[in-house]
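Remarks on the structure that follows.
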Amino acid sequence: MIFKWNEMGNKYLKYFMIKDPRSKLKETIQKELEINHTVVLIYLDIVKLSDIEGKYGFSISNEIIKTLEDNIVSAAQSIFKLPARLIGYHRLWGDDFSVFVAWHNREEKNEQEFYHQKSILFKQQLETELNKEIILPGGEMIQLHIGFVKLESKEFNKEIYKAVKTASQMAKFDILTNEFLYHRQFFEILDKEDLQSYYQPIISLKDGVTFGWEGLIRGPEKSHFFLPHQLFEYAEKTGRSLLLESISRKKAMGRLQEWPSDAKLFINIDPRSMEDTTFLRKEALQLLENHGLSPSNIVLEITERHAITNFDRFREIIHVYRKLGYLIAVDDAGAGYSSMETIVQTYPNYIKLDMSLTRGIDFDPVRRAIVEAFVMVARKVGCKIIAEGIETENELKTLIDLGVDFGQGFLLGRPANGLCHLSGQVLSFFENHLKQDSKFHRAETGVNRVKNLTAFSPSFPPETKVKKIHQIFEENPRLDHLVIVSEDKPVGLVMKQRLYQVLGGQYGIPLYFEKNIETLMDTSPLIVDKFSTIEEVSKAAMSREPDHIYDVVIVTHEGKHIGCITVQKLLDTIAQAKLEWAAYTNPLTQLPGNILIDRELERRLLNEESFHIVYCDLDHFKHFNDTYGFDKGDQVIKRTSELIRSMVSAYGSESDFVGHIGGDDFIFITAQKDLTHMIRYITDNFIHSFQDIVPIQEYFGDACLSMSMAGIHCLPKKFKQVSQIAELSAKVKKLSKSKIGCSYASEQELLAIAK
């Protein structure tokens, strides 16, 4: 029904009737919007009409609908006065009605609150009329649901559909409740895109440098929807998840003008919204280009809030993004529906570990084992691990020791409206960590430090009651020991099994429960420094009294307790090291092979050490091998390794290293500044090392067996990569081979010739 205001007579005049010509109603609404009038759709629905029909029959329910329709006009006239006008209403289906009200020159500041109050009055007026005209048996009251939404002029047909849907959802809530207010507020936030981007730093755990930021979304401050979980939970509830995500992506890229050219922006993306590539294919690419960035600056972080149901299609879409240059991350790994399958199917660039794996990892062996497994998988497939939710230094230390690449969490940086970096406290932590790691970096060629195996252990003062210690063990079934400390220094150890043995005796509990734990603790546990070698600690642990062999070993730094290590972990590590050594050493000479040689060189380059490398190559060995056979050839190779080792033993130091590159190629690394004695030792003893294998006169002729040596002096920062050393050594070795007999050439000679 349509009405027009007669300004001369100050009366509503019935203009024309609309039974169901929706096109006419739409045309009227469209005209109002075109002249910049505000049009609000009010949705009405009778509460539980089907129940009323079931109780009292169809005639009663039909009468209620008819009475409601008859009262819409009069109630609207009573509530919506100038400058408001009722421009029409329409029965949608069953007991649902849409009412359209137009305003001209409305000046209220808070529109939503104004419409809310008017809707309450409209609802109350209609309910009053309904319950006055229709009396239900038993005094049951007829109630209405009501919702409202402001219409926009763009894409009118789609807007009407969306408005009806939004208002009908709103009508499910009682208009007088907070839930109705939240619903109204949420849709207003989406309509105005009233969202703010926050950014949380992602930090390299190798050096503390900011690697990138994750773009997070926040609602209006001091609103119910400020925090993201409230926003996204409500979006899911109301079917607006994909719309919220779309707005969030645009907001996250709103600060690209501030973005460092080498930093990554992590953007969350729901698997269900991957099909919607419009923004990322067009607008985002243009934005990146405008700011001198590329898609490789963007990491699409696939959240696991919902399962991926069609992996074949999902892989195709991922391929589209990859071709555009975007990087891929799998979020919430270890906590979602199908983390491992998502990793297998997408081959991500980054795997983000859920915070449930990070929290308490410093003292939980199960979490450590799971993260170790993820790190191993990541290494094999060539991606990087990011640990979320880091909140303590002990968690951070553990993740670093496990080889996790990057970290994120409140300890490293809270979400902020700008691009924040590490706090001074955490920067100091990384500075100290780098200094210690540089000084005591594990060689991985046999000698490891126990600091890399140390796990956090709870500690308590000596005056703690035995009853309290017993309670802690009961509440934490996986905990099997506690360290007793005084002023951070360990003074005793309590093993759970031993304590239970004492308390399980006939008078154990009455005798000890109220006493201090110092009366029952082991006062002479094995205590080692964190830079002790695993071999040293293992020997010390296994030499203890039989009853204490499997007690944990307390680890300290500068005398202060930092954690413990189990004997099982020590033995497993040694066994693993032996297996690795066997796998990476030459079976003939038992010297480290190429992998261990490269690791040793990388370690020295990282520590910025000064050292010499000498590459040793047997000349004419193939001719010798062909002439005298592989048996004698193998003997020569073994004697050559013994010659180099004996030389290093005579003139080198404990830190020197000997490796077997393969075949007849060897290498030794030494910290000695002068190589004169070392080179002379080899040249003087070379012939005599083989005289019992083949007579000298038989294999020293025109094609005699000899050794060419090429020396490189590595100064701090001179080389960045091992490949640079290898490239230079090949040139120096060529110079050495041009000389007759056992010879040595250095890079200085090569440079002199070049000049």
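Quick note: the sequence shown uses the working numbering, first residue 14, plus one each step. Ideal Cβ placement from N, Cα and C applies to all residues, glycine included.
Problem - T405 in three-state terms, based on DSSP - result: Three-state result, T405: coil.
Problem - Alpha carbon of F239 to alpha carbon of F199, nearest angstrom - result: Cα-Cα distance, rounded: 11 Å.
Exercise for the section: Report the option in T569, G101, F443, R392 whose CA atom is closest to the CA atom of V222. Expected result: With distances taken between Cα atoms, V222 lies closest to F443.
Handout entry: Counted within 10 angstroms of its Cβ, other Cβ atoms place G101 as buried (16 or more) or exposed
Key = Buried.
Exercise for the section: Could you tell me the boundaries of the beta strand (DSSP E) in which R253 lies? Expected result: Here R253 belongs to no beta strand (DSSP E), and DSSP marks it neither H nor E.
Handout entry: Nearest neighbour of K635, chosen from T569, R253, G646 [CA to CA]
Key = Ranking T569, R253, G646 by Cα distance to K635 puts G646 first.
Problem - T477 versus L516: straight-line alpha-carbon distance, rounded - result: Linking T477 to L516 through their CA atoms gives a straight-line distance of about 16 Å.
Exercise for the section: Please name the residue in L298, G675, Y641, A400 whose C-alpha comes closest to that of R262. Expected result: Put simply, of L298, G675, Y641, A400 the residue whose alpha carbon is nearest the alpha carbon of R262 is L298.
Practice task
Taking P214 as part of the beta strand (DSSP E), name the residues at either end of that continuous run.
Solution key: For P214, the enclosing beta strand (DSSP E) starts and ends at 209 to 217.
Problem - Cβ pair I497, V507 closer than 8 Å - result: Here I497 is near V507, since their CB atoms are less than 8 Å apart.
Practice task
Indicate the three-state DSSP secondary structure (helix, strand or coil) for F12 in the structure shown.
Solution key: Look at the range of the chain in this structure, 14 to 768, and you will see that residue 12 is not part of it.
Handout entry: L583 - partner residues in DSSP beta bridges
Key = In the DSSP assignment, L583 forms no beta bridge with any residue.
Handout entry: Entirely enclosed alpha helix (DSSP H) segments - the region 594 to 659, minimum 4 residues
Key = Qualifying alpha helix (DSSP H) stretches, in chain order: 607 to 619, 634 to 641.
Exercise for the section: Kindly indicate which residue of L604, R511, F113 has the alpha-carbon position closest to the one of K44. Expected result: With distances taken between Cα atoms, K44 lies closest to F113.
Exercise for the section: Give the secondary structure of E314 by DSSP, where H, G and I count as helix, E and B as strand, and everything else as coil. Expected result: Strand at E314.
Practice task
Rounded to whole angstroms, what's the CA-CA distance from G232 to T405? Just pull it up for me.
Solution key: Spanning the two alpha carbons is a distance of roughly 28 Å.
Handout entry: Candidates I682, F732, K730: closest to M722 by CA position
Key = Considering only alpha carbons, the answer is I682.
Exercise for the section: Check whether the Cβ atoms of L412 and L424 sit closer than 8 Å, and answer yes or no. Expected result: Going by beta carbons, L412 and L424 fall outside the 8 Å limit.
Problem - Host alpha helix (DSSP H) of I133 (start-end) - result: Bounds of the alpha helix (DSSP H) holding I133 are 124 to 146.
Practice task
Could you check which residue in V86, W116, Q125, A97 has the C-alpha nearest to that of L139?
Solution key: Taking the Cα of L139 as reference, the smallest distance to any Cα among V86, W116, Q125, A97 is reached at V86.
Problem - Three-state secondary structure assigned by DSSP to D377 - result: Secondary structure at D377: coil, using DSSP grouped into helix, strand and coil.
Problem - Three-way DSSP call (helix, strand, coil) for F453 in this model - result: Per-residue confidence for F453 stands at a pLDDT of 39, beneath the threshold of 50, marking its modelled position as unreliable; the derived number appears in the next sentence. Three-state result, F453: coil.
Practice task
Measure from the alpha carbon of H625 to the alpha carbon of each residue in E500, K731, R380, then state which is nearest.
Solution key: Closest by alpha carbon: K731.
Problem - Which of helix, strand or coil DSSP assigns to R268 - result: Helix at R268.
Handout entry: Assigned secondary structure, N19 (DSSP; H/G/I helix, E/B strand, else coil)
Key = Interpretation of N19 is limited by its pLDDT of 44, a score under 50 that renders its predicted location unreliable; the figure taken from the coordinates is listed afterwards. The answer is strand: DSSP assigns N19 an E or B state.
Problem - Test item: CB-CB of A88 and F135 under 8 Å - result: Contact check for A88 against F135 passes: the beta carbons are separated by less than 8 Å.
Practice task
Name the two residues that bound the continuous alpha helix (DSSP H) containing K365.
Solution key: For K365, no alpha helix (DSSP H) segment is defined; the enclosing uninterrupted segment is the beta strand (DSSP E) at 363 to 366.
Handout entry: Within 8 Å, strictly: CB atoms of F544 and F469
Key = Going by beta carbons, F544 and F469 fall outside the 8 Å limit.
Exercise for the section: For L99, name the three-state secondary structure that DSSP assigns. Expected result: Looking at L99 - three-state DSSP - the assignment turns out to be strand.
Exercise for the section: Check each candidate in E201, I280, Y212 and name the one with the smallest Cα separation from A248. Expected result: Put simply, of E201, I280, Y212 the residue whose alpha carbon is nearest the alpha carbon of A248 is E201.
Problem - Status (buried if at least 16 other CB within 10 Å, exposed otherwise) for K686 - result: Around the beta carbon of K686, a 10 Å sphere encloses fewer than 16 other beta carbons of the protein chains shown; the residue is thus reported as exposed.
Exercise for the section: Say whether the region 600 to 616 touches the region 691 to 706, bearing in mind that this needs 3 or more beta-carbon pairs closer than 8 Å, one atom from each stretch. Expected result: Not touching, per the Cβ criterion.
Problem - Three-way DSSP call (helix, strand, coil) for N529 in this model - result: N529 falls in the strand class under three-state DSSP.
Exercise for the section: Have a look at Y69, D109, G70, K131 and flag the residue whose alpha-carbon is nearest the alpha-carbon of L99. Expected result: Put simply, of Y69, D109, G70, K131 the residue whose alpha carbon is nearest the alpha carbon of L99 is K131.
Handout entry: Three-state secondary structure (DSSP) of D493
Key = Assignment of D493 by DSSP, reduced to helix, strand and coil, places it in the coil class.
Handout entry: Cα-Cα separation, D325 to R335
Key = Roughly 16 Å between the two C-alpha positions.
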